[in-house]
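Colleague: Residue numbers (the numbering used here): 18 to 496. Even for Gly, the Cβ is constructed at its ideal location relative to N, Cα and C. Just passing along the structure, written as C-alpha cells.
Okay, here's the thing in C-alpha cells:
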C-alpha cells in the first residue's frame, strides 16, 4: 500500500512557480494515481486548507492493473553505479525519463548510461521530488532510489560559487564514495556543478583545504565527518536547500548517528527539501523520519513480503561448520557466474577465507573495516571494474553497494537478522534481474534466522538441489 500526503498550503506556496511543470506532468499522473502493484489497495488523503482531520476525504479502492513486460537495456537508473546490462523487467510504466522534463544535460547523461525507462520507484517519486516535496521512501534494494535524489537535486540546483546547496548523508564511507560518483556521472555535462565527498579515515585537514579552496555545491558524506567540518566552521550549511539521508534507518535507528544528524539539521535552514530513503524502514522509525519533514510524500511497501527481490533464486545448504570451505569451493567450481560476493561474520574470517580462495586458484579480493580507508575504496573500485570476480566481505558491503555484474551471493555465515539477510542478497538480482543467493546453515541459530526470513518476507528458501538450471540465475538467458 502506498500512502501519499499531498501539499499543504505552505507547500503549495513553495512550489507555486512550478505550475507549468505540473500541467506538463499531468499525463504521467493518471486520474486515479495508478500505482505499481497488481490488485493493490490504495489509500488517498487530501488535506484541505480549512478542514479538520475528521473531514479529510479518505477512501480505499481496489482495482486491476494490466502489467505488461517490457524488455529494457538495464531498465532504468538503478541504485548507484550500474552500467549497461541487458535484461528484462516487469513494469506498467511506458514513460521515459524525457517525460519528466529533465534538463538536456541530465537526459544526455542518462542516455549515456543506457537507461531508457524509469523504475517504479523513480516513476512514483521523481515528479514530486522535482517539485520540491519532502519524501520518505521505502522500496526494495536495487530499484533505483539513489537516482531519485541525484536526478531531483541536479534538476533543481542553481549553483552559486562557494555555496553548498545539497547535503547527502549515508552511514558508510563506501556508500558515500559511490553516491558521489553517481553525482559526477549524471552531472558530467554540467561543468558548473562541483561535488565533494567527506568521510572519516582520511585526514580532516585535506577536507578543510578542499572546502576552503574549491568548495563544492554538492556535499556527500558520513554524519561524523560532516558534523566535525560544520562545527569548526569549514563546512557552511546555512544555504542548504536539499537535505538527503540514504539508508536512513541506519542513521535514524542508531542513537549516536541520530544525535549527529539532529545537530547537523539544526545548522541548516528550516525551509529546505528533505528526502529519506531505505530498503527497510520499521514503522516506529517512520514517525521519527517525518519529524524532520514538512508534509512529506510517503511511499511505503507496507507488506514486507513485497520487499523480496523479483528474479532472485534463494536456496540454503545444511552442513557442519567444518564443511563450509569444501562446499564453497565445490559450488564455485560448478556454478557459472559473472561476479560473486561471499559474506562472512568477522574480519578474521574474511581474511582467512580470502587467503584460502587464493590458494585454491580462485583469485579474490577482500574488504573489511580494519583496512585503511584508501585501501578499501581502491579494492571496491577494482571489484567494480571487474578486475576481480570474487569478493569476500563483512556486512560493511551489505547495504547500498551496487555492482551490476554480481549474480551470486553466498551467506558463508548466516546474517544476524532478516534485515541484514535482505540487504546482503540484494547485491545479486539488482533491479529485478536474475540472481542466485545461497545460504549456509550450520546450527539452530542459523535455522532460526532462516525461518524468520521466510516468515517475514513470505518467501520459500528451498534446499539447494543437486543441479541448478543456469538460465534461472544468469541474465540474458531464457529459461
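1) Residues in its own chain within less than 8 Å of residue 254 by CB, not counting five upstream and five downstream?
2) Three-state secondary structure (DSSP) at residue 480?
3) In the DSSP output, which residue or residues are listed as bridge partners for residue 443?
4) Suppose contacts are defined by Cβ-Cβ distances below 8 Å. Is residue 310 in contact with residue 243 by that definition?
5) Can you say whether residue 223 is buried or exposed, counting buried as having 16 or more other CB atoms within 10 angstroms of its CB?
6) Buried or exposed for residue 136, going by 16 or more other Cβ atoms inside 10 Å?
7) For residue 141, which residues in the same chain have their Cβ closer than 6 Å to its Cβ, ignoring the five residues on either side in sequence?
8) Distance, Cα to Cα, residue 169 vs residue 147?
9) What three-state label does DSSP hand residue 74 in the structure shown?
10) Just checking, does the segment 352 to 365 make contact with the segment 420 to 429 on the three C-beta pairs under 8 Å criterion?
11) Could you spell out the range, first to last residue, of the beta strand (DSSP E) harbouring residue 454?
12) If we ignore side chains and look at the alpha-carbon of each, how far apart do residue 241 and residue 214 end up?
13) For residue 400, which of helix, strand or coil comes out of DSSP?
14) Using CA coordinates, which residue listed in 347, 154, 300 is at the minimum distance from residue 455?
15) Under a Cβ-count criterion, where at least 16 other Cβ atoms within 10 Å of its own Cβ denotes burial, should residue 263 be classed as buried or exposed?
16) Taking the beta carbon of residue 197 as the centre, do at least 16 other beta carbons fall within 10 Å, making it buried, or is it exposed?
17) Candidates 209, 440, 237, 208: which alpha carbon is nearest residue 500's?
18) Helix, strand or coil for residue 200, going by three-state DSSP, please let me know.
19) Of the residues 225, 384, 279, 164, which one's Cα is nearest the Cα of residue 199?
20) Where does the unbroken alpha helix (DSSP H) through residue 465 begin, and where does it stop?
21) Determine the DSSP secondary structure at residue 438, reduced to helix, strand or coil.
22) Give the straight-line distance between the Cα atoms of residue 379 and residue 372, rounded to the nearest whole angstrom.
23) Could I get the ranges of all uninterrupted beta strand (DSSP E) runs contained in the segment 190 to 257, with 3 residues as the minimum, in chain order?
24) Please report the distance separating the alpha-carbon of residue 52 from that of residue 441.
25) Hey, could you find the ends of the beta strand (DSSP E) residue 314 is sitting in?
26) Tell me whether residue 335 sits in a helix, a strand or coil according to DSSP, three-state version.
27) Determine the direct distance from the alpha carbon of residue 350 to that of residue 144, and round the result to whole angstroms.
28) If contacts are defined as beta-carbon pairs under 8 Å, then residue 481 and residue 334 qualify, I think. What distance do you get, rounded to the angstrom?
29) What's the gap between the Cα of residue 77 and the Cα of residue 402?
30) Which residue comes first and which comes last in the alpha helix (DSSP H) that contains residue 372?
31) Quick check on DSSP: helix, strand or coil for residue 160?
32) Less than 7 Å between C-beta atoms, sequence neighbours within five positions excluded: which residues of the same chain meet that for residue 291?
33) Which residue wins for smallest C-alpha separation from residue 490, given the options 329, 439, 386?
34) Suppose the cutoff is 6 Å on Cβ atoms and the five residues either side in sequence are ignored; what does the same chain contact list for residue 406 look like?
35) Where do the N-terminal and C-terminal ends of the alpha helix (DSSP H) with residue 128 fall, by residue?
36) When the Cα atoms are used, what is the spatial distance from residue 457 to residue 336?
Modeller: The relevant details are as follows:
1) For residue 254, same chain residues with a beta-carbon under 8 Å away, outside a window of 5 residues either side, are 181, 184, 247, 281, 284, 285 in chain order.
2) Collapsing the DSSP output to three states places residue 480 in a strand.
3) Answer is none; residue 443 lacks a bridge partner.
4) No, Cβ-Cβ distance for residue 310 and residue 243 is not below 8 Å.
5) Residue 223 counts as exposed, since fewer than 16 other C-beta atoms from the protein chains shown sit within 10 angstroms of its C-beta.
6) By the 10 Å Cβ count, residue 136 comes out buried.
7) Here the set comprises 316.
8) For residue 169 and residue 147, the distance between alpha carbons rounds to 5 Å.
9) Interpretation of residue 74 is limited by its pLDDT of 29, a score under 50 that renders its predicted location unreliable; no figure is taken from the coordinates.
10) Note that the segment 352 to 365 touches the segment 420 to 429; at least 3 beta-carbon pairs, one per stretch, sit closer than 8 Å.
11) That run of the beta strand (DSSP E) goes 452 to 458.
12) Linking residue 241 to residue 214 through their CA atoms gives a straight-line distance of about 13 Å.
13) Helix, per DSSP.
14) It is 347.
15) So residue 263 ends up on the buried side.
16) The residue is buried, with at least 16 neighbouring Cβ atoms inside 10 Å.
17) In this structure the chain extends from 18 to 496, so residue 500 is not present and cannot be described.
18) DSSP, read as helix, strand or coil, puts residue 200 in helix.
19) With distances taken between Cα atoms, residue 199 lies closest to 164.
20) Run containing residue 465: 461 to 474, per the alpha helix (DSSP H) assignment.
21) In the three-state reduction of the DSSP assignment, residue 438 falls in the helix class.
22) One C-alpha to the other measures close to 10 Å.
23) List check, beta strand (DSSP E) in window: 212 to 215, 235 to 238.
24) Residue confidence is low: residue 52 scores 34 on pLDDT, short of 50, so the model does not pin down where it sits. Its coordinate-derived value is still stated next. In a straight line, the C-alpha of residue 52 is about 27 Å away from that of residue 441.
25) Element bounds for residue 314: 314 to 316.
26) Assigned with DSSP and collapsed to three states, residue 335 falls in strand.
27) Whole-angstrom Cα-Cα distance: 47 Å.
28) Rounded, the Cβ-Cβ distance is 5 Å, consistent with contact.
29) In this prediction, residue 77 has a pLDDT of 29, which is less than 50 and means its spatial position is unreliable; nothing more can be read from the coordinates.
30) Element bounds for residue 372: 364 to 376.
31) Residue 160: coil per DSSP, three-state reduction.
32) Hits under 7 Å: 151, 260, 309, 310.
33) Ranked by Cα distance from residue 490, the options 329, 439, 386 are led by 329.
34) Counting only Cβ-Cβ distances below 6 Å, and skipping sequence neighbours, we find 356.
35) For residue 128, the enclosing alpha helix (DSSP H) starts and ends at 121 to 129.
36) Distance between the alpha carbons of residue 457 and residue 336 is about 7 Å.
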